[in-house]
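Heads up, the sequence shown is in our numbering, so the first residue is 1395 and it goes up one at a time.
Below is one structure; the comments refer to it alone.
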Amino acid sequence: MLMASGANYGFRSTIPHMLGVGIGFVVMVALVGIGLVRVFDAWPVAHHILTWVSVAYLLWLAWRIAHSAAPGSADGTGRPMRFIEAAAFQWVNPKAWTMALNAITLYAPERNLTSVLLVAAIFGAINLPSVSSWTLMGQQMRRVLSNPRRLQLFNWTMALLLVGSLAPVLMQ
């Protein structure tokens, strides 16, 4: 998603999206570590509901990516994800949930506040360079994607990859 945003809108316009992903995920890891994981222990159906809501949202998002118009075109109503949208997206992102639950289970099994905050801080420190690199790769592709046909092919490819990333979730 960040590569597609970098390609379609550039690095600077994607900064709120990148920060939302990073901060939203750090908050998620911290909240999972201090007790949110207990919700899934108490109500296993909550995990199934979250899975299907996540799948539906990601399918809708893939559709939006596939059908996004070139920025500045007559029908180019698209825009990069806003900070709050990207932060909230983490809560319906099955990959984020998997990573947060596994990180806390593996690296802070005692779930004391110091360990949980350390795990969240490490993920935050790693996250910003990671999301920046995806966005930069997308921005570098802008020259190649200046042709509307190539941009459309790129957007469809990114959408299909997003749909394909749901395979592990659906196979559980």
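Built from N, CA and C at the ideal position, the CB exists for glycine as well.
If I follow the unbroken alpha helix (DSSP H) through residue i, where does it start and stop?
{"i": "P1474", "result": "Premise fails: P1474 is in no alpha helix (DSSP H) and is neither H nor E."}
{"i": "M1395", "result": "That residue, M1395, is in no alpha helix (DSSP H); it is neither H nor E in DSSP."}
{"i": "M1535", "result": "Premise fails: M1535 is in no alpha helix (DSSP H) and is neither H nor E."}
{"i": "Q1566", "result": "Counting along the chain, Q1566 falls outside any alpha helix (DSSP H), and DSSP gives it neither H nor E."}
{"i": "H1637", "result": "Limits of the chain in this structure are 1395 at one end and 1566 at the other, which puts residue 1637 out of reach."}
{"i": "P1488", "result": "1488-1501"}
{"i": "R1505", "result": "Taken as a continuous stretch (DSSP letters only), R1505 belongs to no alpha helix (DSSP H), as it is neither H nor E."}
{"i": "I1459", "result": "1438-1460"}
If you compare alpha carbons, which of the options is closest to residue i?
{"i": "A1450", "options": "N1506, F1483, V1439", "result": "F1483"}
{"i": "A1519", "options": "N1402, V1415, A1401, P1410", "result": "V1415"}
{"i": "L1539", "options": "M1531, A1401, A1463", "result": "A1401"}
{"i": "A1424", "options": "P1488, S1526, A1515, V1447", "result": "A1515"}
{"i": "Q1546", "options": "P1488, V1433, R1458, W1454", "result": "R1458"}
{"i": "L1455", "options": "L1560, A1440, T1529", "result": "L1560"}
Please report the Cβ distance between residue i and residue j, rounded to the nearest whole angstrom; I am assuming they are in contact, meaning their Cβ atoms lie under 8 angstroms.
{"i": "L1522", "j": "F1405", "result": "About 13 angstroms; that fails the 8 angstroms criterion."}
Inter-stretch contact (C-beta, 8 angstroms, three-pair minimum) for the region 1453-1463 and the region 1419-1437: no
At least three beta-carbon pairs within less than 8 angstroms, the region 1486-1493 to the region 1441-1450: yes
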